[in-house]
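S.K.: Terminal number for the sequence shown in the working numbering: 501, no gaps in between.
Dropping the structure in here first, questions after.
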Amino acid sequence: MRSRRPLAALLVAGVLLSPTPARAGMSSEVADGTLTVTGTDGNDVVQITCAGGDVTVNDRNPGTGRAACRDIGRIVVRALGGIDLVDLRGVLPVDFTALAGTRVVGGGGEDTLYGSPFDDDLSGSDGNDRLYASDGTDVLDGDGGSDDLRVETEGDVVLTDTSLTASEGSASIAAFEQVTLRSLGRAVRFDLRGFRGRTWAYGAAGPDVLLGGPGMSGLFGGPGADRLIGRDGEDYLFGNDGPDVLRGGGATDRMDGGPGRDDCSGGPDNDIIVGCP
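Here you go:
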């Protein structure tokens with residue numbers, strides 16, 4: 225799992241606030257092949273990349289001096305307090321050839337954590353956090369607060385309360401109240417039936433299959449003949465272009481077939497159905 229396109233853009237509910245630049249108290253060091261970055265109690269930005277063969281933290285060398293990207297075996301970031309942004313999307317396999325994985329821990333604020341294409345261990349800690357993972361075998365923990373996992377992928381996904389299995393990688397997940405899945409351009413099958421929180425799924429071109437979970441689900445097809453299936457929660461199903469099949473569940477659902485000749489069917493409750501013959 226080493227493609228450069230992020231598999232998972234994994235996110236949390238709430239308003240995203242822009243962090244201020246990292247404070248002077250933020251530290252970074254390389255020791256025994258491990259890059260460790262420690263934030264402050266303020267609002268920090270941590271962006272790790274490779275420039276000219278050397279690892280950089282916010283476009284600067286670590287506090288211990290220059291270090292070759294190829295010599296970094298592990299990356300650890302502790303964000304501490306504040307509203308923090310940690311971005312490891314620039315940590316690429318072509319540069320960090322010895323890297324085994326990363327560990328990122330948020331603090332008490334509403335943090336946004338972007339993982340790398342490697343095996344990531346991301347923890348939001350307290351606060352309403354947004355976690356964005358990438359390829360690899362990841363461990364994702366929303367921890368305290370109301371957390372949202374966002375996934376952007378070109379492949380199929382099966383989601384449960386404890387795991388996310390996708391074509392590009394897999395993750396162990398915990399403590400997420402909401403999950404958002406989005407196709408990056410091809411037909412997909414998103415199976416959310418094993419996740420009990422709120423779910424949002426967005427298809428793309430082609431015949432998508434979107435299977436909602438037992439909680440509230442919002443399922444949005446793309447151009448093409450899509451199949452959107454709700455379950456027991458309050459569902460929102462939007463077919464978009466093409467001859468779509470929409471099926472509600474046990475609660476009050478809203479269905480909109482969109483352009484095209486669609487087949488819509490609600491459940492036993494008073495459903496709202498538009499755009500269907």
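C-beta atoms are modelled at their ideal positions from N, C-alpha and C, and glycine is treated no differently.
Keep in mind it's a predicted model, so treat the numbers as computed, not measured.
Where does Cys274 fall in DSSP's three states?
M.R.: On the sequence shown, residue 274 is found 50 positions in, with the first residue counted as 1. If DSSP states are grouped into helix, strand and coil, Cys274 belongs with the strands.
S.K.: Could you name each continuous beta strand (DSSP E) segment of 3 residues or more that falls completely within the stretch 337-404, going from the start of the chain to the end?
M.R.: Runs of the beta strand (DSSP E) inside the stretch 337-404: 344-347, 354-356, 360-365, 372-377, 381-384, 387-390 and 393-398.
S.K.: Take Arg313 as the anchor and find which of Ser407, Gly473 and Leu355 has the nearest alpha-carbon.
M.R.: For the purposes of this step, residue 313 is taken as the residue at position 89 of the sequence shown. Here the closest residue by C-alpha is Leu355.
S.K.: Residue range of the beta strand (DSSP E) that Asp480 falls in?
M.R.: For the purposes of this step, residue 480 is taken as residue 256 along the sequence shown, with counting starting at 1. Taken as a continuous stretch (DSSP letters only), the beta strand (DSSP E) holding Asp480 covers Arg478 to Asp480.
S.K.: Assign Cys293 to one of three DSSP states: helix, strand, or coil.
M.R.: Here residue 293 is taken as the residue at index 69 of the sequence shown, counted from 1. Helix, per DSSP.
S.K.: Looking at C-alpha atoms only, which residue of Ala411, Thr386, Gly276 and Gly257 is the closest neighbour of Leu364?
M.R.: One-based indexing of the sequence shown puts residue 364 at position 140. Nearest of Ala411, Thr386, Gly276 and Gly257 to Leu364, Cα basis: Thr386.
S.K.: Check the DSSP bridge columns for Glu334 and list the partner residues they point to.
M.R.: Numbered from its first residue, the sequence shown carries residue 334 at position 110. Per DSSP, none; premise fails for Glu334.
S.K.: Check whether the Cβ atoms of Gly465 and Leu452 sit closer than 8 Å, and answer yes or no.
M.R.: Within the sequence shown, residue 465 is the residue found at index 241, counting from 1. Within the sequence shown, residue 452 is the residue found at index 228, counting from 1. Rather than Gly, the amino acid found at residue 465 in this sequence is Asp. Result no, Cβ atoms of Asp465 and Leu452 do not sit closer than 8 Å.
S.K.: Check Leu416 in the structure and name its three-state DSSP category.
M.R.: Residue numbering aside, residue 416 sits at position 192 when the sequence shown is read from its first letter. Three-state DSSP puts Leu416 in a strand.
S.K.: Can you tell me whether Gly483 is buried or exposed, with buried defined as 16 or more other CB within 10 angstroms of its CB?
M.R.: Position 259 of the sequence shown, counted from the start, is the residue given in the question as residue 483. The residue asked about is misnamed: residue 483 is Pro in this sequence, not Gly. Per the 10 Å Cβ criterion, exposed.
S.K.: On the criterion of 16 or more Cβ atoms from any shown chain inside 10 Å, does Pro492 qualify as buried, or is it exposed?
M.R.: For the purposes of this step, residue 492 is taken as residue 268 along the sequence shown, with counting starting at 1. The residue in question, Pro492, is exposed, as its Cβ has fewer than 16 Cβ neighbours within 10 Å.
S.K.: Give me the DSSP bridge partner(s) of Cys500.
M.R.: The residue given as residue 500 occupies position 276 in the sequence shown. For Cys500, which the question treats as bridged, DSSP gives no partner whatsoever.
S.K.: Is it a yes or a no for the stretch 399-414 touching the stretch 422-429, going by three-plus beta-carbon pairs under 8 Å?
M.R.: Short answer: they touch.
S.K.: Could you check the C-alpha separation between Gly463 and Ser441 for me, to the nearest Å?
M.R.: In the sequence shown, the residue the question calls residue 463 occupies position 239. In the sequence shown, the residue the question calls residue 441 occupies position 217. Roughly 14 Å between the two C-alpha positions.
S.K.: Run through the DSSP bridge pairs and tell me what Thr280 is partnered with.
M.R.: What you label residue 280 is simply residue 56 of the sequence shown in a count that begins at 1. According to DSSP, Thr280 bridges with Thr273.
S.K.: Determine the DSSP secondary structure at Gly325, reduced to helix, strand or coil.
M.R.: Taking the sequence shown and counting its residues from 1, the one referred to as residue 325 is at position 101. Note: Gly325 maps to strand in three-state DSSP.
S.K.: Measure the CB-CB distance between Ala398 and Gly366 and report whether it falls below 8 Å.
M.R.: Start at 1 with the first residue of the sequence shown, and residue 398 comes out as number 174. Start at 1 with the first residue of the sequence shown, and residue 366 comes out as number 142. Contact flag set, yes.
S.K.: Can you say whether Ile496 is buried or exposed, counting buried as having 16 or more other CB atoms within 10 angstroms of its CB?
M.R.: Residue 496 sits at position 272 when you count from the first residue of the sequence shown. Looking at its Cβ environment, which holds fewer than 16 other Cβ atoms inside 10 Å, Ile496 is exposed.
S.K.: Judging by CA-CA distance, which residue of Met479, Leu316, Gly306 and Gly297 is the nearest neighbour of Leu323?
M.R.: Along the sequence shown, one-based indexing puts residue 323 at 99. The candidate whose alpha carbon is nearest that of Leu323 is Gly297.
S.K.: Between the alpha carbons of Leu259 and Leu470, how many angstroms are there, rounded?
M.R.: For the purposes of this step, residue 259 is taken as the residue at position 35 of the sequence shown. For the purposes of this step, residue 470 is taken as the residue at position 246 of the sequence shown. Those two C-alpha atoms are separated by around 50 Å.
S.K.: Between which two residues does the beta strand (DSSP E) holding Arg313 run?
M.R.: Start at 1 with the first residue of the sequence shown, and residue 313 comes out as number 89. Segment: none, Arg313 is in no beta strand (DSSP E) and carries neither H nor E.
S.K.: Determine the closest residue to Ala255 out of Asn282, Tyr460 and Gly287, with distance taken between C-alpha atoms.
M.R.: Here the question's residue 255 lines up with position 31 in the sequence shown. Among Asn282, Tyr460 and Gly287, the Cα nearest to that of Ala255 belongs to Gly287.
S.K.: Going by C-alpha to C-alpha distance, which of Asp335, Val281, Asp283 and Asp353 sits closest to Gln402?
M.R.: As a first step, residue 402 must be located in the sequence shown, where it is residue number 178. Measuring from the Cα of Gln402, the nearest candidate turns out to be Asp353.
S.K.: According to the neighbour-count rule (16 or more other Cβ atoms, all chains shown, within 10 Å of its Cβ), is Pro501 buried or exposed?
M.R.: Stepping through the sequence shown from its first residue, residue 501 is reached at position 277. Classification of Pro501: exposed, given that the 10 Å Cβ count is below 16.
S.K.: With a CB to CB cut of under 8 Å and the five nearest residues on each side skipped, what residues in its chain are close to Met225?
M.R.: Position 1 of the sequence shown holds residue 225. Note that Met225 has pLDDT 36, beneath the 50 cutoff, so the model's placement of it is unreliable and the number below is only indicative. If we look at Met225 and ignore the five residues flanking it on each side, its Cβ neighbours are Leu231, Pro341, Asp359, Gly360, Thr361, Glu392 and Gly393.
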